[in-house]
Structure formats: C-alpha cells, structure tokens
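K.L.:
Residue numbers (the working numbering): 2 to 245.
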C-alpha cells in the first residue's frame, strides 16, 4: 500500500463529495459514496461495518463536529481504500488516518497558504472551511514539514472552540453556523431505509416498539412493560441487519 494509492482514493472521494461538503458531510457520504451513516450515543468514536450488503458507518453523537468529521473520514478510509490485508490492524489504522488527512486536508489546499505569515484569522478560516480541529491541522502541517509562523503557531495551540470564539473568528464562523454544525453532529441519525424497515418490523411484530422509539429519539411506550429502551451502547446490529 503506497501513499499515492491512498491519496488517489481520497481525491476520488473528495471529487465525488463535491464543493462545500463539510457542512452536510453525512448526507453527501450517503448520496455520493453510497455509505450509510448512523449517529447514536456511543462510548467510542465510531466504527464501520457491512449490514445486508450495505456499507455503514456508525458515529458517536457529539457536539465536537470536527471530531465527528475526522472519525467519519477515517472510517471511510477503512471502506474505500482497497488492498489492505484484513489481519494487519496497525497498517489498516495508519492507512485510514492517512486517508482522512488527505480527504479533509488535501496537500494542494494546505500548500496554497503562506503559513510563515499566516494570521490567527487565517488559521480559523482553514479549520472552519476544512471542518477539522486545530490539533488535526497542526499534525498535518508537521507531517508535511510546514513550519507555521508565531501567530499561526499560537492559534494552533488553542482549542478549536476557543479559536473560533475569538476575534475576528466570528466573521469566519458565525455563532449560528457553529451551533448548526454542533447540532448536525449531535443529532441521532438513521438512514431512511433503516427507519422504514424498523417501522415495518414493529408493525409485523418482529421488533419491539421501544426500538423504533429509541431510533426516533422518543420515550418508550409506558403501557408495554416489555418494551425497554435499548442502552445507548447496545445498538442491536443483528436487528438492523434483519431489516434489509
């Protein structure tokens, strides 16, 4: 597995996702790449799997939208980069991280910026436009051998939230836009196919009403003591697989 293979895979995915995909990343992944995205409360960051022949990525619901973006890009690397021996876990993780970096922070964009002279507002604009954290961008610059100037280095040392709150960052990332991204990454989400299948399964008696209520973010029906809302970390993959 060469770096060029990973870069080409990331470039193809980025081209398919289209312009400004980061604000609707989940939807573009489904419509352009054919990978379904589920967002639920999880203990970990996320994982990828295949359900009934469908490629699926499960993400943790979180207000840290930049973390969700990188996790989604990482899991896409597992699904879209071919030729990785399945038993080579370390290589697979390295490849997925490289894919995520190339997808979200392509070298041709990073190198258009004069990092030696870059201001804090420039750093804020880059992390907002690319949908990444200050930490991820700092790692990317070090990997590419780029040394930022003093102001950019100080900005990269800040947390992502703190940098975007600072002046003149509100002009770069208006508070309402930041809130919208937080809500997008924190909201429980299931593909329409899954919700429809689960609704039919409930109607046919093949699934408990509580499962559908949980998927929809509703309280379980109190009149049925057998309907127990699933715990957030106990997503019934076997049930979802049977809905295909």
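Each residue gets a CB set at the ideal place from its N, CA and C atoms; glycine is no exception.
The structure displayed is predicted, hence computed values, not measured ones.
Taking only three categories from DSSP, how would you classify residue 114?
P.N.:
coil
K.L.:
Determine which residues share a DSSP beta bridge with residue 60 and list them.
P.N.:
40 and 47
K.L.:
Start and end of the alpha helix (DSSP H) containing residue 199?
P.N.:
193 to 204
K.L.:
What residue range does the alpha helix (DSSP H) around residue 76 cover?
P.N.:
66 to 81
K.L.:
Distance, Cα to Cα, residue 206 vs residue 51?
P.N.:
The straight-line gap from Cα to Cα measures roughly 25 Å.
K.L.:
Less than 7 Å between C-beta atoms, sequence neighbours within five positions excluded: which residues of the same chain meet that for residue 14?
P.N.:
34, 77, 81 and 104
K.L.:
Put residue 207 into one of helix, strand or coil per three-state DSSP.
P.N.:
coil
K.L.:
Taking the alpha helix (DSSP H) that residue 134 belongs to, which residues open and close that run?
P.N.:
Counting along the chain, residue 134 falls outside any alpha helix (DSSP H), and DSSP gives it neither H nor E.
K.L.:
For the alpha helix (DSSP H) that contains residue 183, what are its first and last residues?
P.N.:
176 to 187
K.L.:
Buried or exposed for residue 26, going by 16 or more other Cβ atoms inside 10 Å?
P.N.:
Classification of residue 26: buried, given that the 10 Å Cβ count is 16 or more.
K.L.:
Closer than 6 Å by C-beta to residue 131: which residues in its own chain qualify, once you throw out the five before and the five after it? Chain order, please.
P.N.:
105 and 106
K.L.:
What's the C-alpha gap between residue 72 and residue 46?
P.N.:
7 Å
K.L.:
Could you tell me the distance, in whole angstroms, from the CA atom of residue 16 to the CA atom of residue 199?
P.N.:
So the two alpha carbons sit approximately 33 Å from each other.
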